[in-house]
Amino acid sequence: MALRLAEAAYKINKKGPQASEVLSRVYHSAIHNRSFFYSANMGHRSAVTSAVFSPDGSRILTASEDTTARLWNLKGELITTLAGHSARVNSAVFSPDGNTIVTTSQDKTAKLWDKEGNLLNTLRGHDCDRNGQCRVNSALFSPDGQVF
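According to our numbering, the sequence shown is numbered sequentially starting from 4.
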């Protein structure tokens, strides 16, 4: 799984300064240490809905139907759990500097966290769409990381 994530990240951002380095690092980690996929499945109690690399390629952030997001190192070791949503976490993203995380959820909130997993803010007030779907699907930081 880690290797496939690295390949996907590389295809999206081939020109990024660290793309090939991250792909190489994850490839070697996947070959020599097959524990990440197992750890991710064991760490979450339900399906993983998204997974992204930190900008420096040293961490992986997963979101899950179990209402949490989890931060992992490349060896598959859990760094911290972001708990606070009351429903499925649809996505989780890093700020460009990797110091801030945003999670989005079926509970109609987006939550802002620091890189240690401390909750900084909860954004409420998202309405249901015209189909009656009540959730926040995704978030994205601006390139300078000042706005999401």
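Heads up, the beta-carbon is just placed ideally off N, CA and C, and yes, glycines get one too.
Just so you know, these numbers come straight off a predicted model, no measurement behind them.
Query, Result
"When burial is assigned at 16 or more other CB atoms within 10 Å of the CB, is Arg91 buried or exposed?", "buried"
"Checking 8 Å against the spacing of the C-beta atoms, do Thr83 and Thr71 come in under that value?", "no"
"Compute the beta-carbon to beta-carbon distance between Ser89 and Asp69, rounded to the nearest angstrom, for a pair I have assumed lies under 8 Å.", "Going by Cβ atoms, the distance from Ser89 to Asp69 rounds to 12 Å, so no, they are not a contact pair."
"Opposite Asp69 in the DSSP bridges: which residues?", "Answer by DSSP bridge pairing: none, since Asp69 is not bridged."
"Quick check on Lys78: buried or exposed, where buried means 16 or more other Cβ atoms within 10 Å of its Cβ?", "exposed"
"Residues in the same chain with beta-carbon distance under 6 Å from His47, minus the five sequence neighbours each way, listed in chain order, please.", "Ser67, Asp69"
"Can you check which of these residues, Phe97, Leu81, Val105, Pro58, is closest to Val139 by C-alpha distance?", "Val105"
"With distances taken from CA atoms, which of Ser108, Pro146, Val51 is nearest Thr2?", "As displayed, the chain neither begins before 4 nor continues past 151, which places residue 2 out of reach and without an answer."
"Who are the Cβ neighbours of Leu122 in its own chain at under 7 Å, not counting the five residues just before and after it?", "Gly87, Lys114, Trp116"
"Using the Cβ count rule (16 or more neighbours within 10 Å means buried), how would you classify Ser49?", "exposed"
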